[in-house]
Amino acid sequence: MKKEKTYQERTVYLVGNPNTGKTSLFNQLTGLNQRVGNFPGITVEKKTGSFISPTGKKINIIDLPGVYSLDSQSADEKLAADYIKKSKDEIILIVTDATNLKRNLVLATQIMDLKKTIVIAVNMMDLLQKANMDIDFGKLSKLLGVPIIPVNARIGKGIDELKYALANHDISASKSFLGEHSKHPLMDENLLRYNKIDSIIKQTVHKKGENKLALQTLRFDKWITHKYFGFLIFLSIMFMIFQAIFSWSAYPMEWIETVFLQLSETIQTKLPQGTFTDLLSNGIIPGISGVAVFIPQIALLFFFITILEDSGYLARVSYIMDRLLRPFGLNGKSIIPMLSSTACAVPSIMGTRIISNKKERLITILVLPLISCSARIPVYTLLIAFAIPADMSLGPFNMQGVVLMSLYLISFISALLVAYVLKFLVKTNEKSRFVIEIPIYRIPRIKSVLLTMYQKVRIFMVDAGKIILAISIVLWALSSYGPADKMQKIEEKYRSDAVKQQFSEKEIAQLIQTEKLENSYAGILGKTIEPMIKPLGYDWKIGIALISSFAAREVFVGTMSTLYSIGDENEVKLIEKLREAKNPVTGKPVYTFAVAISLLLFYVFALQCMATLAIVKKETGSWKWPIVQVLYMGALAYGSAYLAYHLLS
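Once you know that position 93 of the sequence shown is 92 in numbering that gives the first Met the number 0, the rest is easy, because the numbers rise by one and skip nothing.
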């Protein structure tokens, strides 16, 4: 009998203040061997990973949310504090910033007082050198009584030494930092802690000259955080990002689309004709292709957001936006979830936990789904490409990029206006505070940025892929089958000699499939809601896509791909199929410029994301607020789409 190989395992909790490079260190320790999920019973994202030490010991690492103090009141920080307090056999790996050691040691010494097993990683050693500072690590370790490992997570320096310490450090309680408090019962504990930390810093941290890093940061911030130029710089950066998303993604998108088209054609040619082949070529593949083709754009969006965050720029954006957002019932911290919502509203809503004021947090949650997310990008790209020629420009700028930027501006402006209204409707006596740490500027580490981008795209594709695959199969079935008597009458209608003389066999086959689609279960469903959406310029096929995309907005493109692949052996691009679509009664094009703009505005405002509704319910503790969101966003979507269609027709 073969003996199964087993490892001695050890669990490490990774903790630290925000902006200490905790994520970079986690990536260095675990590489690609990591998973993203939620903490049990709650919606806060949890990253877990592992590595095998040279001695064969498996080290599991759980990355806890950033926390300043064990006494913090925000939801994420309380979660981290609870895990730390309840830990028993786990090692607490505390990540500190070498240039902000005094502040970071507050959390470290609080954990020491709990008598946990501790290892301290002093990160950002490169910045310490630039700041003309030096640390006596031997003396610091002796004074604190815990192992201290200097690291530079950006380039992987010190990682091997840290892995060795985590694998071989004895599971034992650290000495208490304030056991001395009982000797001074009248002295405030915090004052005693800060005094002792000050004493340790004076003995171990030495300045060697002028802090060039601080001076460089001040020079940049003179312009970046300027009350006028700061806004212009921010808008310029966002404009360039959206231009890049369209320009850089064009060729890879075309390549992906071609691969899927060829795959579908190969299946139709090589496999025997039948239900399974039809399902694969006209159901599953077009459905998945409708989302996979937008991987380049989604990847670029996450790439840019990660760079802005890692560089320290997003914290500055929060600072300069506070005075703009405050009149609308929000504060500067609201801008971080709002910008993150351009990727996905779900983690952004969870991210509102950094907002301590309950009213401002609730208002932020209620308006976040208005911000255009990455799930809307497939819809935007399809409709913009249909309505705006690729070679059309506005001066030096691509017009498609300008339109995309305009849609994002509309979403931000509408979010602010709705927030302003909610400011008067949501009542509270709690006072507003805005406190944020401004980190020094850093050059983002490309390896870490690419890894984060890969993780986000993978999660997006897996989560969306499950929904899309299921919906594609259901849609194919609904589009391929209908009431038996109706289907039989259609077959008989086209068997007559008169029809055979008028059309070729290929044309007859296509006419049969077209009429069967209209009389299928999908057609019946679409026609049921057609009277409600006809004032917007939509037909029953668009109706099916609107219904299916309530599961997730990006499903719209997959649905349209599936619907327009039925009965069409000559694979052509979806945009061309939409241009060729005619109204069977009037003979006029179904999809016009007015219809495209109407659909764009509908998707700007409509709340079509079940995951978002579930998260809002979870975060607010009531179905009241998700229902409010569905109603007000639905009204905005229908009203704006109606006006656009009738004004442009």
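Glycine included, each C-beta is placed from N, C-alpha and C at the ideal position.
All values derive from a computational prediction rather than experimental measurement.
Remark: C-beta atoms of serine 173 and valine 145 approach each other more closely than 7 Å.
According to the DSSP assignment, leucine 104 belongs to the alpha helix (DSSP H) that extends over 100-112. When Ala130, Val378 and Ile134 are compared, the shortest CA-CA separation from isoleucine 574 is found for Val378. Closest by C-alpha distance to phenylalanine 604, out of Val417, Thr95, Ile511 and Thr19, is Val417. Here the alpha carbon of isoleucine 511 sits roughly 12 Å from the alpha carbon of serine 519. Secondary structure of phenylalanine 502 (DSSP, three-state): coil. Lysine 206 and isoleucine 134 have their C-alpha atoms spaced approximately 9 Å apart. By DSSP's assignment, isoleucine 91 forms a beta bridge with Tyr12 and Ile117. With distances taken between CA atoms, serine 288 lies nearest to Phe259 out of Leu600, Thr29 and Phe259. Our two residues, serine 235 and glycine 229, have alpha carbons roughly 10 Å apart in a direct line. Counting other Cβ atoms within 10 Å of its Cβ, arginine 218 stays below 16 and is therefore classed as exposed. In the DSSP annotation of this structure, isoleucine 437 is not part of any alpha helix (DSSP H), being labelled neither H nor E. The beta carbon of valine 456 is closer than 8 Å to those of Ile294, Ile297, Ala298 and Phe301 in its chain, skipping five residues each way along the sequence. Note: isoleucine 147 is bridge-paired with Ile119 in the DSSP secondary-structure output.
Collapsing the DSSP output to three states places proline 588 in a strand.
Nearest in C-alpha terms to serine 410, of all of Tyr590, Ala610, Leu635 and Lys226, is Leu635. Threonine 363 places its beta carbon 7 Å or farther from that of proline 326. Methionine 391 carries a coil assignment under DSSP once its states are collapsed to helix, strand and coil. CA-CA distance, serine 248 to serine 392, rounds to 17 Å.
Between the C-alpha atoms of aspartate 96 and leucine 381 there is a straight-line separation of about 45 Å.
Contact check for lysine 115 against isoleucine 91 passes: the beta carbons are separated by less than 7 Å. For the pair serine 413 and leucine 369, the CB atoms are nearer than the 7 Å cut-off.
If you check the CB distance, serine 478 and alanine 544 do not come in under 7 Å.
Taking the C-beta atoms as reference points, lysine 195 is found no nearer than 7 Å to glycine 328. For valine 204, the beta-bridge partners assigned by DSSP are Ile134. By a beta-carbon distance limit of 8 Å, isoleucine 439 contacts leucine 126. Their separation comes to about 7 Å. In the structure shown, asparagine 582 adopts coil according to DSSP, grouped into three states. Judged by their CB atoms, lysine 141 and valine 94 are not nearer to each other than the 7 Å cut-off. In the DSSP assignment, alanine 152 falls outside any alpha helix (DSSP H) and carries neither an H nor an E. Within the model, the alpha-carbon separation for methionine 111 versus lysine 57 is close to 25 Å. Under the three-state reduction of DSSP output, phenylalanine 176 falls in the coil class, being neither helix nor strand. Within 10 angstroms of the beta-carbon of aspartate 81 lie fewer than 16 other beta-carbons, which makes it exposed.
Collapsing the DSSP output to three states places asparagine 397 in a strand.
Within its own chain, the residues whose Cβ lies closer than 6 Å to the Cβ of serine 547, once the five positions on either side in sequence are excluded, are Ile470, Val554 and Thr558, listed in chain order. Pairwise C-beta distances place the stretch 592-609 in contact with the stretch 623-642, as three or more of them are shorter than 8 Å.
Going by beta carbons, isoleucine 200 and lysine 129 fall outside the 7 Å limit.
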